[in-house]
Amino acid sequence: MGTFGIHTFEDDHCLDWFSDLLDVDRPTTFFKECLDLSDIDEDEMEYMPCTGVLCAAVMIDGLLNGPTDDLPEDVRDWLQQNKKLKVAKLVPDAVSGLDRLLQDGSEMHDLWKENKKLYPKWKKRILDLKNRLESQ
Numbered sequence: 070m071g072t073f074g075i076h077t078f079e080d081d082h083c084l085d086w087f088s089d090l091l092d093v094d095r096p097t098t099f100f101k102e103c104l105d106l107s108d109i110d111e112d113e114m115e116y117m118p119c120t121g122v123l124c125a126a127v128m129i130d131g132l133l134n135g136p137t138d139d140l141p142e143d144v145r146d147w148l149q150q151n152k153k154l155k156v157a158k159l160v161p162d163a164v165s166g167l168d169r170l171l172q173d174g175s176e177m178h179d180l181w182k183e184n185k186k187l188y189p190k191w192k193k194r195i196l197d198l199k200n201r202l203e204s205q
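Quick note on numbering: the working numbering labels position 10 of the sequence shown as 79, and the sequence is numbered without any gaps.
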């Protein structure tokens, strides 16, 4: 059984994404690639691009605004070690990506929407993240 929860890194795909981040030499380039949705159909966004957008947005937010309390210790450690990364220019793409993530047709959104109990909490977390980024 996989990991599942309303916090970003309570998802196996997001944990795999973080593992990939640990292997890259240029994190900012990795974030930029995750946020590039130019090849993704406007009406349909599969789960993996959703994962990339969400995780990149969380990390950009953590670098700009400090880590949130819900992040795992290893993610918080990475943010501390990389706090000098210049990621502010990626904020517009992160916000745009989160907007797409919250639309019908986004596989992540559609799957969460099926969970009547947790969907409002998950959506609020995404909107809070978006608001923190927009305040930059």
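Heads up, the beta-carbon is just placed ideally off N, CA and C, and yes, glycines get one too.
Test item: CB-CB of residue i and residue j under 8 angstroms
i: Q205; j: A157; result: yes
i: V122; j: L104; result: yes
Span separating the alpha-carbon of residue i from that of residue j
i: K155; j: R95; result: 11 angstroms
i: S175; j: E115; result: 6 angstroms
i: K192; j: G74; result: 12 angstroms
i: R194; j: L202; result: 12 angstroms
i: H178; j: W86; result: 18 angstroms
i: D108; j: P118; result: 10 angstroms
i: D130; j: K152; result: 11 angstroms
i: D162; j: T120; result: 14 angstroms
Continuous alpha helix (DSSP H) stretch holding residue i: start and end
i: E176; result: 176–182
i: A126; result: 116–134
i: K192; result: 188–203
i: R169; result: 160–170
i: E30; result: The structure shown does not extend to residue 30, since the chain spans only 70 to 205, so no value can be given for it.
i: S107; result: Premise fails: S107 is in no alpha helix (DSSP H) and is neither H nor E.
Spatial neighbours of residue i in its chain, beta-carbon cut-off 6 angstroms, leaving aside the 5 residues before and after
i: G71; result: Caution is warranted here: a pLDDT of 48 is assigned to G71, below 50, making its placement in the model unreliable, and the coordinate value is therefore given only provisionally. For G71, where only same-chain residues beyond five positions count, the Cβ hits under 6 angstroms are D81.
Neighbourhood of residue i by C-beta distance below 8 angstroms, restricted to the same chain and skipping five residues each side
i: L196; result: L171
Spatial neighbours of residue i in its chain, beta-carbon cut-off 7 angstroms, leaving aside the 5 residues before and after
i: F99; result: L90, V93
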